[in-house]
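A quick write-up on the structure given underneath.
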Amino acid sequence: MQIDVKSIVQSADVPSVPKILNEILLMADNPMATSTALEALVVQEPGLAAQLLKWVNSALYALPNRVSSVSHSMVLLGFSTVKSVAAGMILINTFDSSVGLTREYVGEVWGHTLSAATFIRHLTKGQSQGVRDDLFLAALIHDVGHLVLQQYFGTEYDSLC
């Protein structure tokens, strides 16, 4: 079977990135931004807020007390981690309503993505924060191609996998 990559790229229904993600990414990169301003954006995306709380309360961070506020989780995780989680989660979630993709498949991809990101956090403990954040974000978005291929090829892609 000959695969025409150009036609895949042109016909793939890759959703646009939500406006809130752009705002979060811009604010997280702004050295003048406050955690209060970033929190105001994050809470507009309840799934993201829940995901940040899940991350900060995970065994990865091994905190002595449970964190229950978004603002506290953001302070502990740092702006760059908030940005990475937001980028990965929102990009994956935009595919949730795409034609040709089931909620279950997107959920499986997201679960794998989170596992990879967690693994990267463990592997990069001795690296600089910038390197760790870049690799963390790469792990969060590395499966987007699977979603596009599944969307384009469907059952053919399933059998290939």
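First residue of the sequence shown? That's 2 in the working numbering, and the numbers climb one at a time after it. Cβ atoms here follow ideal geometry from the backbone N, Cα and C, with glycine treated the same way. It should be emphasised that the depicted structure is a prediction, and the values quoted were computed from it without experimental measurement.
The way I'd put it, the stretch 69–77 doesn't touch the stretch 19–29; fewer than three beta-carbon pairs between them come closer than 8 Å.
The beta carbon of residue 138 sits closer than 7 Å to the beta carbons of 85, 88 and 89 from its chain, once the five residues preceding and following it are set aside; these are given in chain order. Between the C-alpha atoms of residue 114 and residue 145 there is a straight-line separation of about 9 Å. Residue state for residue 47 is assigned as helix, using DSSP reduced to three classes.
Taking all protein chains shown into account, residue 103 has fewer than 16 neighbouring C-beta atoms within 10 Å of its C-beta and is therefore exposed. Under a 10 Å Cβ-count criterion, residue 147 is classified as buried, with 16 or more other Cβ atoms of the shown protein chains found around its own Cβ. Setting aside the 5 residues that flank it on each side, residue 101 is surrounded in the same chain by 14, 151, 152, 153 and 155, each with a C-beta closer than 8 Å to its C-beta; the list follows chain order.
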